[in-house]
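Residue numbers (this note's numbering): 12 to 149.
Report on the following structure.
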Amino acid sequence: MCLVAIGCTLLFVPGLFGASPDGAMTDEEAIRLGEQFGIVIGPVDEEIRKELKMVKAEGVVVFEVIGGTPADLAGIKVRAVIKEIDKVEVKTLVDFGRAIKPVLQTCNYTVGSYEAADPESQGVGGILNFHFVRCAKD
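Following this line, the structure appears as structure tokens:
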């Protein structure tokens with residue numbers, strides 16, 4: 012936060028000297044947090060929307076799952092669309108970042124995703140699948 016003195020009045024000036032007004036989430040930060048969770052993500056495009064028979068192109072799509080990470084252990088699949096994290100709706104990359112950030116340091120949260128209805132991949136299109144994320148214990 013940044014305060015600027017004008018006369019005898021102190022004013023909060025958002026964004027002054029590079030400070031963001033509320034530590035705002037960015038797409039880049041959300042992508043970095045996704046990698047910390049164990050997935051490479053991006054926004055849902057029209058091709059994925061059609062493949063999963065989604066009404067709207069909302070959520071984030073998983074392009075890659077990193078082995079041995081919480082996402083991998085929870086069963087998140089490539090081409091899944093993440094729509095919810097611990098009961099928080101995800102429509103955009105920023106929504107994903109805001110939802111995943113507080114739970115990354117905890118155990119036992121859920122990730123809801125749509126997955127392709129393909130005999131070779133787990134999951135059923137059109138139904139939200141829930142993945143339980145837990146901390147790995149030695």
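Note that CB positions come from ideal geometry on N, CA and C, so glycine has one too.
>> Could you give the first and the last residue of the continuous beta strand (DSSP E) run that contains K94?
In response: Membership of K94 in the beta strand (DSSP E) is indicated by the continuous run 92-96.
>> Which residue wins for smallest C-alpha separation from N119, given the options G49, R145, V92?
In response: The residue with the shortest Cα to Cα distance from N119 is R145.
> Does the Cβ of A35 have 16 or more other Cβ atoms within 10 Å, making it buried, or fewer, making it exposed?
Replying inline: Counting other Cβ atoms within 10 Å of its Cβ, A35 stays below 16 and is therefore classed as exposed.
> So the beta strand (DSSP E) E75 belongs to, where does it begin and stop?
Replying inline: For E75, the enclosing beta strand (DSSP E) has its first and last residue at 71-76.
>> With distance defined between alpha-carbon atoms, name the residue in I50, P54, G49 nearest to D38.
In response: The residue with the shortest Cα to Cα distance from D38 is P54.
>> On the criterion of 16 or more Cβ atoms from any shown chain inside 10 Å, does E126 qualify as buried, or is it exposed?
In response: By the 10 Å Cβ count, E126 comes out buried.
> Assuming K112 and V101 make a contact with CB atoms under 8 Å, what is their CB distance in whole Å?
Replying inline: K112 to V101, Cβ: 12 Å. No contact.
>> By the three-class DSSP mapping on this structure, what secondary structure does V66 have?
In response: Three-state DSSP puts V66 in coil, outside helix and strand.
>> In the DSSP assignment, the alpha helix (DSSP H) including G49 goes from what residue to what residue?
In response: In the DSSP assignment, G49 falls outside any alpha helix (DSSP H) and carries neither an H nor an E.
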